Amino acid sequence: MGDHFQTIVDLEASPQQAPRLAERVVEWLVAEGIVRAELVPDCVYGQPLGRMPGPDWQRAVAPQDARFGPGEGLAVYSERTVFHGGQGGPEAVSCPRCGVTTRLITDEWEDIDDAWAPFGTAISAWHETGEAPVDCPACTEAVPLPDWTWTDDYFAFAHLGFEFWNWPPFTEEFRTRISELLDGHRTAYVWGKL
Ligand SMILES: [Zn+2]
């Protein structure tokens with residue numbers, strides 16, 4: 068068993084909005100008792116500090132999933148971040164303009180290098196600069212990297228995300244409530260294992 072995570076990513080928050088929205092969501096999570104207010108070391112991966120589960124963490128999960136409590140804490144990202152599903156990789160990616168899906172792996176789970184290459188390059192560029200168009204192989208339009216749709220939300224390119232480590236799966240209601248707190252922004256639900 069590895070460590071697993073669930074990340075609720077705000078796909079629309081601008082770099083300027085992200086810190087304020089992060090604060091609003093954390094305040095709500097603390098008020099609900101879902102996480103604790105204090106930042107403590109060694110309770111998340113990828114960041115030095117996180118927030119441990121609060122006394123009422125069950126409010127975020129379904130009763131049948133609440134037999135085992137969360138193992139670790141919440142890490143908040145409020146800067147430009149490549150969120151991804153950890154182990155494995157994306158199966159396919161779809162163009163938001165023409166809807167055509169490009170497969171990135173074969174039926175034998177091997178990377179299709181030619182299909183993957185432009186996205187790999189764009190991911191590095193976006194990480195560096197925050198901008199990276201990818202020419203769609205079907206309609207040839209230059210589509211910004213964050214606008215593409217990945218199988219199972221494998222990737223999300225965004226400025227705000229709430230990453231929970233070793234928690235039971237969240238309810239739809241909980242995720243919707245977070246999205247409402249984010250001014251109704253579109254969100255992605257990225258999950259995976261280390
Ligand atoms: Zn297209």
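Take the sequence shown: its letters are residues 68 to 261, numbered as in my numbering. Ideal placement from N, C-alpha and C gives every residue a C-beta, glycine not left out. Computed from a predicted structure; not experimentally measured.
Cβ-Cβ separation, residue j to residue i (assumed contact under 8 Å), whole Å
i	j	result
D219	G153	That belief does not hold up - the Cβ atoms of D219 and G153 are roughly 12 Å apart, past 8 Å.
A129	T238	5 Å
F150	F241	Not quite, the Cβ-Cβ distance comes to about 18 Å (not below 8 Å), so this is no contact.
G228	D77	7 Å
P235	P137	7 Å
R118	V92	11 Å between Cβ atoms; not a contact.
Cβ-Cβ distance between residue i and residue j below 8 Å
i	j	result
C165	A133	no
A172	E158	Here residue 172 turns out to be Ile, not Ala, going by the sequence shown. Result yes, Cβ atoms of I172 and E158 sit closer than 8 Å.
A192	A184	no
V160	T216	yes
L116	P108	yes
I111	L141	What sits at residue 111 in the sequence shown is Val, not Ile. Closer than 8 Å, so yes.
R253	G197	no
F72	E230	yes
D70	N233	yes
D214	P163	yes
A85	H226	yes
A182	T169	yes
G262	G100	Residue coverage of the chain in this structure runs from 68 to 261, which leaves residue 262 outside it and unanswerable.
L249	A80	yes
Any chain C beta carbon closer than 8 Å to residue i
i	result
G121	Among the protein chains of the structure shown there is no chain C, as only one such chain exists.
**Asked** Which residues are close to ligand 1, meaning CB closer than 6 Å to any heavy atom, in chain order?
**Response** C162, R164, C165, V167, C203, A205, C206 and E208
**Message:** Restricting to runs no shorter than 4 residues, where is the alpha helix (DSSP H) found entirely within the region 102–138?
**Reply:** Scanning the region 102–138 from its first residue to its last, no whole alpha helix (DSSP H) run of 4-plus residues comes out.
**Prompt:** In the region 159–223, which residue ranges form an unbroken beta strand (DSSP E) of at least 3 residues, counting only runs that do not cross its ends?
**Reply:** 159–161, 168–170, 200–202 and 209–211
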